Amino acid sequence: MIPIVKVRLSEEEIEAAVEVLRSGRLVQGKKVEGFERVFAEKVGAKYAVAVSSGTAALHISYLALLEPSNEVLVPSFTHISTASMVHFAGGKPIFCDIDPRTFTLDVNSAKEKLTSKTRIIAPVHLFGNACDIDKIIEFARNNNLKIVWDACQALGTKYKGKDVGSFDDLVCYSFYPTKNMTTGEGGMITTNIQELAERCRLLRSHGQEKKYFHTSLGLNYRMTEIEAAIGLEQLKKLDKFIKKRRANARYLNEHLSQFQGITIPFTHDYVEHSFHQYCILIDLNYFRFSRDELIESLRQKGIEVAVHYPRPVHKQPIFSSDNLSLPISEEISKRILSLPVHPWLKERELASIVKAVKASIINDQ
């Protein structure tokens, strides 16, 4: 079976973790400080705040900016944490539709959802593809909104030559094992605004300015020294990982674009996609098979695939509303399919993926 994701930690990461274990200093110390500094430099931001997960990064970012009853514009086609953390921060997520090509937030849909209570817009750089950053910044400035960028899937993505982590106000990352680099669990917030960085640091550690001196309420969202040590080693290899992801995506694009009924990922010329996921769209009117039947066919041929995401967030039971229709999000969720693109794929495995897709299509016809 060719897996949809593969996690490999080298001796460098293992030795770095063991060094921390032997030291006995396990929670948020010099390793975390070093990881924050190097990460900020990597993405071109002034400040970085390490936290326990990408979800924690989103929660803290919303807490830093929201007041009770504020509304946050979020795309519905995303991981649920983009929206659920708004609720945990005391706000209300307002679901917007997506661009049918990039699967990222449609600014025109966001304009339709704008109210006097709107405080934040939270665009998602989905699957490693960048949002329309210029339009989002213009929209936010014109309407006095703050921006929380969800870049949990977009480490290494660039927009018009700039890393997506370099933009204001706050950018959130995840280091979950499936991501472009990992610390096991873990996350990061980047910003160029010192006041926001300080606020996020207070929120991640009980509102504590110094030992047992609390100036605000806060949480325990600290990163461990073990995670930071692994992250420092992974970060050294990030460029290599992403270069391989992009090469794998080019191979898949070249071969899968020849098949009618299959739409390959779209990327603007000014975006450097980091391909956290490689997602195709299936024309269900062109083929006789269902998506589930194609998934089963590919698995029988030794290819593990996944669906990101089978249900938009506004259709999740916890958020579901019969009155809300977001037709693009709903349509994409029925047709999308993720294929392996991780950096450990060999060319023969890429060829096997293409061969399996082709065989499944031919069998249908």
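In terms of our numbering, the sequence shown is residues 710 to 1074.
Ideal Cβ positions, reconstructed from N, Cα and C, are used throughout, including at glycine.
The structure presented is a predicted model; accordingly, all values stated were derived computationally and were not measured.
Across which residues does DSSP place V880 in a beta bridge pair? Within the sequence shown, residue 880 is the residue found at index 171, counting from 1. Per DSSP, W858 and T899.
What would DSSP say about F975, mapped onto helix, strand or coil? Residue numbering aside, residue 975 sits at position 266 when the sequence shown is read from its first letter. In the three-state DSSP reduction, F975 falls in the coil class, being neither helix nor strand.
Are there three or more Cβ pairs, one per stretch, closer than 8 Å when the region 1027-1035 is compared with the region 926-940? Judged by Cβ distances under 8 Å, the region 1027-1035 makes no contact with the region 926-940, as fewer than three pairs qualify.
Under 7 Å Cβ to Cβ from I842, same chain only, skipping five residues before and after it: list those, please. Residue 842 sits at position 133 when you count from the first residue of the sequence shown. Excluding residues within five positions, the ones whose Cβ falls inside 7 Å are Y868 and F876.
Roughly how many angstroms lie between the CA atoms of E981 and P1049, to the nearest whole one? Indexing the sequence shown from 1 puts residue 981 at position 272. Indexing the sequence shown from 1 puts residue 1049 at position 340. Answer to the nearest angstrom: the Cα atoms are 19 Å apart.
Would you call the CB atoms of V716 and P886 closer than 8 Å? By 1-based counting over the sequence shown, the position of residue 716 is 7. By 1-based counting over the sequence shown, the position of residue 886 is 177. Yes, they are a contact pair.
Does DSSP put V1066 in a helix, a strand or coil? Numbered from its first residue, the sequence shown carries residue 1066 at position 357. Three-state DSSP puts V1066 in a helix.
Where the beta strand (DSSP E) through E894 begins and ends: Position 185 of the sequence shown, counted from the first residue, corresponds to residue 894. Counting along the chain, E894 falls outside any beta strand (DSSP E), and DSSP gives it neither H nor E.
Closest to E742 by CA distance: which of H1017, R828 and M932 is it? In the sequence shown, counting from the first residue as 1, residue 742 sits at position 33. Minimum Cα distance to E742 is reached at M932.
Just the C-alpha distance for I789 and L782, rounded to the nearest angstrom, thanks. As a first step, residue 789 is located in the sequence shown; it is residue number 80 there, counting from the start. As a first step, residue 782 is located in the sequence shown; it is residue number 73 there, counting from the start. The straight-line gap from Cα to Cα measures roughly 14 Å.
Would you mind working out which of F975, R1008 and Q969 sits nearest D992, comparing C-alpha positions? Reading the sequence shown from its first residue, position 283 is the one you call residue 992. Of F975, R1008 and Q969, the smallest CA-CA separation from D992 is found for Q969.
Under 8 Å between C-beta atoms of I989 and I1062: Taking the sequence shown and counting its residues from 1, one reaches residue 989 at position 280. Taking the sequence shown and counting its residues from 1, one reaches residue 1062 at position 353. In this structure, I989 lies away from I1062, with their beta-carbon atoms at least 8 Å apart.
Per DSSP, which one or two residues make a beta bridge with P1019? For the purposes of this step, residue 1019 is identified with residue 310 of the sequence shown, where counting begins at 1. For P1019, which the question treats as bridged, DSSP gives no partner whatsoever.
Taking C-beta to C-beta, are S1038 and I807 nearer than 8 Å? As a working mapping, residue 1038 is identified with position 329 in the sequence shown. As a working mapping, residue 807 is identified with position 98 in the sequence shown. Taking 8 Å as the Cβ cut-off, S1038 and I807 qualify as a contacting pair.
So which of C861, R997 and L1046 has the shortest CA-CA distance to F884? Along the sequence shown, one-based indexing puts residue 884 at 175. Taking only the C-alpha atoms, the option nearest F884 is C861.
Three-state secondary structure (DSSP) at P1036? Residue 1036 sits at position 327 when you count from the first residue of the sequence shown. Shown here, P1036 sits in a helix according to DSSP, grouped into three states.
Beta carbon of H1017, beta carbon of S785: below 8 Å? Your numbering for residue 1017 matches position 308 in the sequence shown. Your numbering for residue 785 matches position 76 in the sequence shown. Their beta carbons are not under 8 Å apart, which means H1017 does not touch S785 by this criterion.
For I902, the nearest candidate out of H923, A863, F922 and V857 (CA to CA): Numbered from its first residue, the sequence shown carries residue 902 at position 193. Out of H923, A863, F922 and V857, V857 has the C-alpha closest to the C-alpha of I902.
Option nearest P1052 by Cα separation, candidates L947, L767, S999 and H964: One-based indexing of the sequence shown puts residue 1052 at position 343. Closest option to P1052, Cα to Cα, is L947.
Determine the contact status of L1007 and A958, defining contact as a CB-CB distance below 8 Å. Position 298 of the sequence shown, counting from 1, holds the residue named residue 1007. Position 249 of the sequence shown, counting from 1, holds the residue named residue 958. No, the pair does not count as a contact, with Cβ atoms beyond the cut-off.
What's the C-alpha gap between L730 and K844? Position 21 of the sequence shown holds residue 730. Position 135 of the sequence shown holds residue 844. Going from the Cα of L730 to the Cα of K844 covers about 47 Å.
Just curious, the beta strand (DSSP E) that F748 is in, first and last residue? Against the sequence shown, residue 748 aligns to sequence position 39. F748 -> not in any beta strand (DSSP E); alpha helix (DSSP H) instead, spanning K739 to V752.
E720: buried (16+ other C-beta within 10 angstroms of its C-beta) or exposed? Residue mapping note: residue 720 aligns to position 11 of the sequence shown, counting from 1. Flag for E720 reads exposed.
Could you compute how far the alpha carbon of A726 sits from the alpha carbon of K826? For this step, residue 726 is matched to residue 17 along the sequence shown. For this step, residue 826 is matched to residue 117 along the sequence shown. Using only the alpha carbons, I get a separation of about 46 Å.
N962 to I973, Cα distance in whole Å? Here residue 962 refers to the residue found at position 253 when the sequence shown is read from its first residue. Here residue 973 refers to the residue found at position 264 when the sequence shown is read from its first residue. Rounded to the nearest angstrom, the two C-alpha atoms are 6 Å apart.
Do L767 and C909 have their CB atoms nearer than 8 Å? Position 58 of the sequence shown, counted from the first residue, corresponds to residue 767. Position 200 of the sequence shown, counted from the first residue, corresponds to residue 909. Going by C-beta atoms, L767 is not nearer than 8 Å to C909.
Apart from the five residues just before and just after S983, which ones in its own chain have a Cβ nearer than 7 Å to its Cβ? To locate residue 983, count along the sequence shown from 1; it is residue 274. Excluding its 5 nearest sequence neighbours in each direction, S983 has C-beta neighbours in its own chain below 7 Å: G837, A863, L864, G865, T866, N889, I951 and R954, listed in chain order.
Kindly indicate which three-state DSSP category K946 falls into: helix, strand or coil? As a first step, residue 946 must be located in the sequence shown, where it is residue number 237. Three-state DSSP puts K946 in a helix.
To the nearest angstrom, report how far apart N779 and I1045 are at their CA atoms. Here residue 779 refers to the residue found at position 70 when the sequence shown is read from its first residue. Here residue 1045 refers to the residue found at position 336 when the sequence shown is read from its first residue. Answer to the nearest angstrom: the Cα atoms are 32 Å apart.
Just verifying my parser: in three-state terms, what is the DSSP assignment at Y955? Within the sequence shown, the letter at position 246 stands for residue 955. Sequence inspection shows Arg at residue 955; the Tyr mentioned does not correspond to that position. Helix.
Can you tell me where the beta strand (DSSP E) holding Q917 begins and where it ends? Indexing the sequence shown from 1 puts residue 917 at position 208. It spans Q917 to K919 - the beta strand (DSSP E) in which Q917 sits, taken as one unbroken run.
Once you ignore the five residues that flank T787 on each side, which residues in its own chain have a CB closer than 8 Å to its CB? Taking the first residue of the sequence shown as position 1, residue 787 is located at position 78. V833, L835, D859, Y1018 and V1022.
Relative to the C-alpha of A757, which candidate in I769, F744 and A765 has its C-alpha closest? Sequence index remark: in the sequence shown, residue 757 carries index 48 (1-based). Nearest C-alpha to A757: F744.
Between which residues of its own chain and S1029 is the CB-CB distance below 8 Å, once the five residues before and five after are set aside? Counted from its first residue, the sequence shown places residue 1029 at position 320. Closer than 8 Å at Cβ, skipping near neighbours: H1023.
In whole angstroms, give me the CA-to-CA distance for P712 and R997. Sequence index remark: in the sequence shown, residue 712 carries index 3 (1-based). Sequence index remark: in the sequence shown, residue 997 carries index 288 (1-based). One C-alpha to the other measures close to 26 Å.
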